[in-house]
Amino acid sequence: MTDWRDDIFAVLQDHDIKQVYHVPDAGHSRLIEACQKSNSIRTLALTTEEEGLGLAAGAWLGGQRSVLLMQSSGVGNTINLMGLTKTLRFPFLTLITMRGDYGEFNSWQYPMGQGTPKVLEAMGVLLYSVDTASEVKATVDAAARTAFNGGQAVAVLLRQKLIGIKTFGKK
Amino acid sequence: MSKATIQRRPLVKKLLGGADDNLLVIAGLGSSNWDITNAGDRPLNMPLWGAMGATVSMGLGLALAQPAKRVLVITGDGDMLMGMGSLATVAAQQPENLAIVVLDNGKFGETGNQATHTSPRNNGPTDSGAGTDLALIAKGCGIADSAIVRSDSEIAQLVKDARSKPGPVFRVVKVMVEKLEFVMPPQDGAHLKDRFRQALLGHS
């Protein structure tokens, strides 16, 4: 079986994603590096996740598909601009690595981690959730179809059970 | 600092003069939206009614998707202050086809002309800002071609730079505080997006 992060990269290529936005993130790091090395994808580092909504809208105006990679802690930064997906009615896909979700060591991650599904739902974003590696590929593929064929705003929550618990050396 | 003398509406008319299918325009919410619409509503204008702070990001996403077209972002100081980080993101990408023109009157015009951070310091109890220099910020972010325009005699060059100089180009134009008529484009965002894509791509 291939690594689930490589599975995501393959799905992004299958769906002709041309722009990938990210704030550096340990959970997404392998995927981000694959995108940076790709000749067909433009990879942009952001100063804050909310830039990803403006960029995604602009890319779509120009005829290109994009994806925003972020951590649950970044979701809160995007909420007002998440409304753009409704006012402009454009396809939007985001892949979210969860923190403060399952065995998290850092208490500062819990408020936004636990709030993430609720605030996304409140903004009308469809949620897909994955906690086993074998389901990643099919789920991200379905999310991309829902976004780009169905014209929806979709978030895939990559649960902490899937990503692994960050310990900072503590047991 | 002497008072601004440039009027925004005639300036924006010049910025958009003779606009053809090669010019894609995104305008920030509020006054900049009314300004580009006053110059003549067109499908390849994307006038924003909200999304404050996202105007430059939207221009960047569009510029990267359409490298053969010129993308012109016209926005105000309030919107630019809210999205300053996006200038660093522009600098990281160095899009040659992107120009950003900030119409800086030092005021939040839509909410009653409260001072923004670009207003001078020590300007009285209700009108003081920080003297923030957005051109210096853009330069510090890595957009080397950043400058302030203050006089009418510089406008012809500004228009040339905004329309055709290899970018990224960043200009702050110090404009007067004026009370102007609202000139509104369609409000429906999906309609604005669809007509833009139809004109650009031939399908919505």
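Sequences listed follow chains A and B, in order.
Quick note: the first sequence, position 84, residue 83 per numbering that gives the first Met the number 0, numbers continuous.
Quick note: the second sequence, position 21, residue 20 per numbering that gives the first Met the number 0, numbers continuous.
Ideal placement from N, C-alpha and C gives every residue a C-beta, glycine not left out.
This structure is a prediction, so every number in the text was calculated from the model and none was measured.
Spatially closest choice to residue i from the options, by CA coordinates
i      : options                           : result
G57/A  : P110/A, P90/A, M111/A and C34/A   : P90/A
A87/B  : A44/A, Y127/A, V129/A and R64/A   : A44/A
L199/B : K12/B, A64/B, P46/B and V174/B    : A64/B
S39/A  : T86/A, L60/A, W59/A and I16/A     : I16/A
T74/B  : V171/B, M175/B and R196/B         : V171/B
G47/B  : N32/B, D20/B and G60/B            : The question names Gly, yet the displayed sequence has Leu at residue 47/B. Residue N32/B is the option with its Cα nearest to L47/B.
P167/B : S152/B, L59/B and L28/B           : L59/B
V182/B : L102/B, V72/B and D34/B           : D34/B
K173/B : N96/B, L80/B, D103/B and G52/B    : D103/B
H190/B : G17/B, P42/B, A3/B and G201/B     : P42/B
T145/A : L83/A, L125/A, D2/A and E48/A     : L125/A
R149/B : D20/B, V100/B, Q197/B and D126/B  : V100/B
I25/B  : S203/B, S152/B, H202/B and G188/B : G188/B
Q159/A : G99/A, A137/A, S28/A and W107/A   : G99/A
A152/A : S106/A, A55/A, K136/A and A132/A  : A55/A
R207/B : L28/B, D151/B and R69/B           : For chain B, the structure presents residues 0 to 203; residue 207/B sits outside this window and is missing.
N76/A  : M81/B, G77/B, V72/B and D19/B     : M81/B
G27/B  : M79/B, P9/B, K164/B and P66/B     : M79/B
E32/A  : I7/A, G150/A and I78/A            : I7/A
L161/A : G26/A, F104/A and A121/A          : G26/A
V158/B : L15/B, A3/B and S1/B              : L15/B
L60/A  : L83/A, S72/A and S133/A           : L83/A
A141/A : G102/A, R88/A, Q18/A and L11/A    : L11/A
E49/A  : L68/A, K85/A, A9/A and K136/A     : L68/A
A114/B : N44/B, D40/B, T36/B and D76/B     : D76/B
L10/B  : R196/B, F195/B and S152/B         : S152/B
T4/B   : I154/B, S203/B, G201/B and F195/B : I154/B
A9/A   : T47/A, V139/A, G53/A and G73/A    : V139/A
L61/B  : L22/B, N37/B and K178/B           : L22/B
Partners in chain A for residue i, counting only beta-carbon separations shorter than 9 Å
i      : result
G105/B : Ordered by position in chain A, no residue passes the 9 Å Cβ test against G105/B, which lies about 24 Å from the chain.
Interface partners of residue i on chain A, CB under 8 Å
i      : result
M45/B  : L60
F204/B : Shown here, chain B extends from 0 to 203; a query on residue 204/B therefore has no answer.
Proximal chain B residues relative to residue i, where beta-carbon distance stays under 7 Å
i      : result
E50/A  : S56, G84, S85 and T88
G44/A  : Before going on, a small fix: residue 44/A reads as Ala here, not Gly. Result: A91.
T93/A  : By Cβ distance, chain B contributes nothing, its closest Cβ being about 14 Å from T93/A, past 7 Å.
A56/A  : M57 and G60
R158/A : The contacting residues do not exist; R158/A stays about 29 Å from chain B at best.
Identity of the residues DSSP links to residue i by a beta bridge
i      : result
S65/A  : Q18/A
M45/B  : I25/B
I99/B  : V72/B and F169/B
A154/A : T93/A and L126/A
V148/B : V172/B
D5/B   : First, the residue type needs correcting, since residue 5/B is Ile and not Asp in the sequence shown. For I5/B, which the question treats as bridged, DSSP gives the partners V174/B.
L43/A  : Y20/A
Within chain B, the residues that residue i reaches when beta carbons sit closer than 8 Å
i     : result
L87/A : G188, A189, L191 and K192
T47/A : G84
Proximal chain A residues relative to residue i, where beta-carbon distance stays under 7 Å
i      : result
L229/B : The structure shown does not extend to residue 229/B, since chain B is modelled only from 0 through 203, so no value can be given for it.
Q65/B  : G61
Beta-carbon neighbours of residue i, restricted to chain B and to distances below 9 Å
i     : result
Q18/A : G60, L63 and A64
M53/A : At residue 53/A the sequence reads Gly, which differs from the Met that was named. Result: A50, G52, A53, T54, V55, S56, M57, G58, L59, G60, G82 and S85.
R29/A : Those do not exist, as R29/A stays about 21 Å from chain B at its closest Cβ, beyond 9 Å.
R4/A  : Within 9 Å Cβ-Cβ: nothing; R4/A doesn't reach chain B, min ~23 Å.
* Cβ-based contacts, 9 Å cut-off: residues of the segment 97-115 of chain A near chain B -> Cβ contacts with chain B come from no residue of the segment 97-115 of chain A.
* Which runs of the beta strand (DSSP E), 3 residues or longer, sit entirely within the segment 63-122 of chain A? -> 64-70 and 91-96
* Asked: Curious, which full-length alpha helix (DSSP H) runs of at least 4 residues does the segment 78-144 of chain B contain?
  -> 84-92 and 133-140
* Asked: Which residues, taken in chain order from the segment 65-90 of chain A, show a beta carbon closer than 9 Å to some beta carbon of chain B?
  -> S65, N79, L80, G82, L83, K85, T86, L87, R88 and F89
* To do: Name, going along the chain, the residues of the segment 139-150 of chain A whose beta-carbon falls closer than 9 Å to a beta-carbon of chain B.
  => none
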